[in-house]
Amino acid sequence: MSESDAPLTERTRRWTWVVGMRDALTLGEGSSPEVEEWEEIELSTPLERFQALEGQIAAALEPRSQTKVPSKGPLHDLDQAQKTLKGLSDSIAKAGEEASREQIELAIEGAQEAIETINRLSAELERKTQLALEFGRLQQARVPFREAEGPTWFRVLTTEAEKRELAYIKGGGQSVGAREQEELLAPFRDAIRALEPHGDKLDAFAQVIGIAPRVKQLLSLDPGGIEACQQARQALDEANDAWMQGCQAADGNGAAVLAQALQDAVVAFETVQRGRALTAMGGDKPKQSRKDLMALCEKDPGLLSSLASTPEGRAAMDDLVKGYGGMISKKGDQAFIKELMKARFGLSQLEGDLTRKSLPRIYEIFAMVPSEHTHSNPALKAVKRKRNFEPTSWYGEGSDEDEGLGEFHMVIQGARSGGVLGWAADMMAGRYKVTKYREVKGKKSLNCLNAVTLHEIGHAVDAKEGFMDNKGKFPQYGGWQKETKKSIAKVAATERGLLGDFPTIAPAFLETLLEKVLGQDFDIDAYLAPYKALEGIDPVALGQDPSVQATKDWMVNEANIRATADQRKEAVKTIQKKIKAKKGKAILEAAIQGQIIDFKPIDKALTLAVDAGLPAKVDWKKLAKHKAIDWCKTVKMSGGESGLWESNSKSQKAALSGRIYQQAYDSQWVSYAESARAKRVTNYQFRSEAEWFADAYSVYYSGKLPDSHPLKPWLDEQTPENLRP
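Below, the structure written as structure tokens:
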């Protein structure tokens, strides 16, 4: 037996000195003990010594906040050292007791070296981080004065040192060392000390700089003959003059006076401007009213937002859009209505194919719901309309770079406002003459643009109110539950009789099989093939094949421990040629590759069926065609947007103990109460809890939601009398 094959447990012998000294004292000086007492003791194994490093390894692998590692420099070196240490730790953890002495000794040496490197680099980067924080304090102190027209002594001019420091920070700490950075930072520290005692002045300056554009804009407006506006304008003018004249000696009070004067002026001007706007919009000549409002908005860009903040203003804006009669005639008006819609419904973005016909139409749809659902909804900030023939629209809480939209956005796709193209779009999207709506009032068809837009608004309302998150679990709202492939496989294994029909197979194996079936593009025959191949094969005999020993020898060879990926692939090919077994060759090939490439112990790979808890004989054909397998295929999605929810009969047929389980989206699995489908307004409503709410919402504001529907009382409470369908 070679040394590398020796067991890791080491034993040695040592002389017990207590016994030896006792005998020496008894026999007298110069005598030697006649009895030598020895005992066997067990020393730490290499694996135990590696495991003793676990605490240091865990500390050294603490993740850093750095998200992007540069191609060189301290951060890059630290990242490489952490990767090396992680690789060593993972490989030994996978190998466990199967690891050879040489492999572990090299891992210990490499781990200790990596830990030393990580500790050294971490200390260096920590120092640089502290210096960067000090630089950040200066940056914060000087930001308000970059554009200020105040006294120059408050400005911190950009210096060559600052440029180099910024380059250092942006470059991940590569351009200069810690000592040089301290030298660069010295003049900035002096600037901070000069600025910080004047904290009250800093606040005052920052406040004035923030309101300066609004002051300038209001001072440019004509106060007319209205006394309130004239007084507000005079107060603002005087406060601004006082501030500019006493700027250098200001102690903060000047800024406060100016801020109060600005507030008074804003209130006075906006009140009067709103009054003027409402008067203009209520005239007998719609075209002239729109022209007057546009002229007022040019003078006061904040007027539309101010109008939208009051019920009277919103009603006047709605009337103005209705005055177009569903079609905007002038291109200039089109741009104006877009800005009006953004202000009316609190949108930061309104993009896409906003045609002369669709823009007022979408506006009117938004006006069908309470202002709290749009204008006062932080979960609805961006809208995009795409004039295409795509069948899907969507709502998203995160930003969408592909569409150029920020957070809380909705995209309306495919739906047209009407006409021949509207008919064609509906037909191509599979909506033409399709009985989509079920238990609804009146005709079971809705205008597609209305239905889609209201549906997406419904998602935003649900996001704002958290309705389904809080109440979706209750039976009247669907009894929704979040599921996983694992939880559904567990239910199917029991409810569909798989565990009962195969009592000699370990439940964990059967449940894992169903979980695999629930995945996309799963080939059950390929999955079961390795297990079937082990039938009639003795794993012990297979383990005596020359290729198995060759694999073990290769893994413990010191020159191979740090082999590259390409070298390992070549080793696999070479060793696989040494296979002598005629039966089970495929198993050996897979086991050799698993050991050398993925560090999976070859002995365990050869006992695959034993580890899985499989009996000596399995009816594989019966297993592959079991009804639980078929059920799992039924409840998972078929294609990008098709699923069990589309068919009421299939959904009910797939129900287990009163619940329907299904895949809703690529990574989302749900279940809900079968009884909830009795009051469905659409089949799509049962794709997920979010769709359940959004479709019911859309049908409600279309005037077709039955009085018996469980969501109607809540929507009635949300909706003013004049907006209730």
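Reminder that position 218 of the sequence shown reads as 229 in this note's numbering, one-by-one numbering, no gaps.
From the three backbone atoms N, C-alpha and C, an ideal C-beta is built for every residue, glycine too.
What you are looking at is a predicted structure, and each value in this text was computed from that prediction instead of being measured.
Checklist entry - Is it buried or exposed for Ala306, if we count other Cβ within 10 angstroms and need 16 for buried? => result Residue numbering aside, residue 306 sits at position 295 when the sequence shown is read from its first letter. The residue is exposed, with fewer than 16 neighbouring Cβ atoms inside 10 Å.
Checklist entry - Hey, quick one: how far does the beta strand (DSSP E) through Met421 stretch, first residue to last? => result Residue mapping note: residue 421 aligns to position 410 of the sequence shown, counting from 1. Element bounds for Met421: 420–424.
Checklist entry - Over what stretch of residues does the alpha helix (DSSP H) that includes Ile535 continue unbroken? => result Within the sequence shown, residue 535 is the residue found at index 524, counting from 1. Unbroken alpha helix (DSSP H) run through Ile535: 535–544.
Checklist entry - Comparing alpha-carbon positions, which option in Asp344, His420, Lys94, Gly595 lies nearest Ala620? => result Numbered from its first residue, the sequence shown carries residue 620 at position 609. Nearest option by C-alpha distance: Gly595.
Checklist entry - Going along the chain, which unbroken runs of the alpha helix (DSSP H) with 4 or more residues stay wholly within the segment 325–406? => result Taking only runs of at least 4 residues, the alpha helix (DSSP H) segments lying wholly in the segment 325–406 are 342–355, 369–377.
Next on the checklist: Quick check on Asn461: buried or exposed, where buried means 16 or more other Cβ atoms within 10 Å of its Cβ?
Outcome noted: Translated into positions along the sequence shown, residue 461 becomes position 450. Result: buried.
Next on the checklist: Spatial neighbours of Glu401 within its chain, please: C-beta separation below 7 Å, excluding the five flanking residues on both sides.
Outcome noted: Position 390 of the sequence shown, counted from the first residue, corresponds to residue 401. Gln424, Gly425, listed in sequence order.
Next on the checklist: On the criterion of 16 or more Cβ atoms from any shown chain inside 10 Å, does Thr575 qualify as buried, or is it exposed?
Outcome noted: Within the sequence shown, residue 575 is the residue found at index 564, counting from 1. It is exposed - the Cβ of Thr575 has fewer than 16 other Cβ atoms within 10 Å.
Item to check | In DSSP terms, what Lys493 is bridged to | outcome: As a working note, residue 493 is residue 482 in the sequence shown. The bridge partners DSSP lists for Lys493 are Val681.
Checklist entry - Got a sec? Which residues, its chain only, sit under 8 Å from Val451 by beta carbon, not counting five neighbours each side? => result Position 440 of the sequence shown, counting from 1, holds the residue named residue 451. Around Val451: Val692, Val710, Lys715, Leu716, Pro717.
Item to check | Three-state class that DSSP yields for Asp311 in the structure shown | outcome: Counting from one through the sequence shown, the residue named residue 311 turns up at place 300. When DSSP states are grouped into helix, strand and coil, Asp311 belongs to the coil group.
Item to check | Separation of Asp90 from Lys97, as counted between CA atoms | outcome: Counting from 1 along the sequence shown, the entry for residue 97 is found at position 86. Counting from 1 along the sequence shown, the entry for residue 90 is found at position 79. Lys97 and Asp90: Cα-Cα distance of roughly 10 Å.
Checklist entry - Measuring CB to CB, does Leu315 end up less than 8 Å from Leu361? => result Residue numbering aside, residue 315 sits at position 304 when the sequence shown is read from its first letter. Residue numbering aside, residue 361 sits at position 350 when the sequence shown is read from its first letter. No; because the gap between Cβ atoms is not below 8 Å, this pair is not in contact.
Checklist entry - Taking the alpha-carbon positions, what's the Gln729 to Ala666 distance? => result Position 718 of the sequence shown holds residue 729. Position 655 of the sequence shown holds residue 666. Answer to the nearest angstrom: the Cα atoms are 34 Å apart.
Next on the checklist: According to DSSP, is Arg301 part of a helix, a strand, or is it coil?
Outcome noted: In the sequence shown, counting from the first residue as 1, residue 301 sits at position 290. The answer is helix: DSSP assigns Arg301 an H, G or I state.
Checklist entry - Are Ala125 and Ala92 touching if we call contact CB-CB under 8 Å? => result Stepping through the sequence shown from its first residue, residue 125 is reached at position 114. Stepping through the sequence shown from its first residue, residue 92 is reached at position 81. Cβ distance < 8 Å, so Ala125 and Ala92 count as in contact.
Checklist entry - How many angstroms separate the CA atom of Glu522 from the CA atom of Ile603? => result Counting from 1 along the sequence shown, the entry for residue 522 is found at position 511. Counting from 1 along the sequence shown, the entry for residue 603 is found at position 592. Distance between the alpha carbons of Glu522 and Ile603: 28 Å.
Checklist entry - What are the partner residues of Ile671, as DSSP defines its beta bridges? => result On the sequence shown, position 660 is the one that residue 671 refers to. Looking at the DSSP assignment, Ile671 forms a beta bridge with Tyr683.
Checklist entry - Okay, do the segment 509–518 and the segment 579–598 touch, 3+ Cβ pairs below 8 Å being the bar? => result Taking 8 Å as the limit for Cβ pairs, the verdict is that the segment 579–598 does not touch the segment 509–518.
Checklist entry - In terms of DSSP beta bridges, what is Asp411 paired with? => result As a first step, residue 411 is located in the sequence shown; it is residue number 400 there, counting from the start. Paired residues: Leu416.
Next on the checklist: Quick check on Thr693: does DSSP put it in helix, strand or coil?
Outcome noted: Taking the first residue of the sequence shown as 1, we reach residue 693 at position 682. Strand.
Checklist entry - If Val528 and Ile671 are in contact, beta carbons under 8 Å, what's the gap, nearest whole angstrom? => result Start at 1 with the first residue of the sequence shown, and residue 528 comes out as number 517. Start at 1 with the first residue of the sequence shown, and residue 671 comes out as number 660. In fact, because the Cβ distance is near 18 Å, the residues do not count as touching under 8 Å.
Next on the checklist: Our contact map puts Ala561 next to Lys589 with C-beta atoms below 8 Å; I'd like the distance itself, whole angstroms only.
Outcome noted: Residue numbering aside, residue 561 sits at position 550 when the sequence shown is read from its first letter. Residue numbering aside, residue 589 sits at position 578 when the sequence shown is read from its first letter. Contact holds; Cβ gap of about 5 Å.
Next on the checklist: Suppose the cutoff is 7 Å on Cβ atoms and the five residues either side in sequence are ignored; what does the same chain contact list for Ile373 look like?
Outcome noted: For the purposes of this step, residue 373 is taken as residue 362 along the sequence shown, with counting starting at 1. Closer than 7 Å at Cβ, skipping near neighbours: Arg396, Thr464.
Checklist entry - So Ile470 is in the alpha helix (DSSP H); what residue range does that whole segment cover? => result By 1-based counting over the sequence shown, the position of residue 470 is 459. Note that residue 470 is His in the sequence shown here, rather than Ile. Counting along the chain, His470 sits inside the alpha helix (DSSP H) bounded by residues 459–476.
Item to check | Expected contact under 8 Å - CB spacing of Ala110 and Leu58 to nearest Å | outcome: Taking the first residue of the sequence shown as position 1, residue 110 is located at position 99. Taking the first residue of the sequence shown as position 1, residue 58 is located at position 47. With a beta-carbon spacing of about 7 Å, Ala110 and Leu58 fall inside the 8 Å limit used to define contacts.
Next on the checklist: With distance defined between alpha-carbon atoms, name the residue in Glu732, Asp480, Lys647, Ala246 nearest to Lys493.
Outcome noted: Working through the sequence shown from its first residue, we reach residue 493 at position 482. That would be Asp480, whose Cα lies nearest to the Cα of Lys493.
Item to check | Beta-carbon separation (whole angstroms), Asn240 vs Ala279, contact threshold 8 Å | outcome: Mapped onto the sequence shown, residue 240 falls at position 229. Mapped onto the sequence shown, residue 279 falls at position 268. The sequence as given places Cys at residue 240; Asn does not occur at that position. Correct: roughly 5 Å between the Cβ atoms.
Item to check | Proximity to Gln274 [Cα-Cα], best of Gln299, Val226, Lys296 | outcome: For the purposes of this step, residue 274 is taken as residue 263 along the sequence shown, with counting starting at 1. The shortest Cα separation from Gln274 among Gln299, Val226, Lys296 belongs to Val226.
Next on the checklist: With a threshold of 6 Å on Cβ separation, who are the neighbours of Ile376 within its own chain once the five nearest residues in sequence on each side are excluded?
Outcome noted: By one-based count along the sequence shown, residue 376 stands at place 365. Same-chain partners within the cutoff: Asn461, Thr464.
Checklist entry - Should Ile608 and Arg579 be called a contact, given that it needs their Cβ atoms to be closer than 8 Å? => result Sequence index remark: in the sequence shown, residue 608 carries index 597 (1-based). Sequence index remark: in the sequence shown, residue 579 carries index 568 (1-based). Contact flag set, yes.
Checklist entry - Who pairs with Tyr676 in a beta bridge, going by DSSP? => result Indexing the sequence shown from 1 puts residue 676 at position 665. Bridge partners of Tyr676: Gln679.
Item to check | Limits of the alpha helix (DSSP H) - the one that Leu722 falls within | outcome: As a first step, residue 722 must be located in the sequence shown, where it is residue number 711. Careful: Leu722 lies outside any alpha helix (DSSP H) and carries neither H nor E.
Checklist entry - Do Ala471 and Leu391 have their CB atoms nearer than 8 Å? => result Locating residue 471 in the sequence shown gives position 460, where the first residue counts as 1. Locating residue 391 in the sequence shown gives position 380, where the first residue counts as 1. Result yes, Cβ atoms of Ala471 and Leu391 sit closer than 8 Å.
Item to check | Range of the contiguous alpha helix (DSSP H) that encloses Tyr708 | outcome: Residue mapping note: residue 708 aligns to position 697 of the sequence shown, counting from 1. In this chain, the alpha helix (DSSP H) harbouring Tyr708 covers 700–712.
Item to check | Asn733 classed as buried or exposed, judged by whether at least 16 other C-beta atoms fall within 10 angstroms | outcome: Sequence index remark: in the sequence shown, residue 733 carries index 722 (1-based). Sixteen is the threshold: since fewer than 16 other Cβ atoms of the shown chains lie within 10 Å of the Cβ of Asn733, the residue is exposed.
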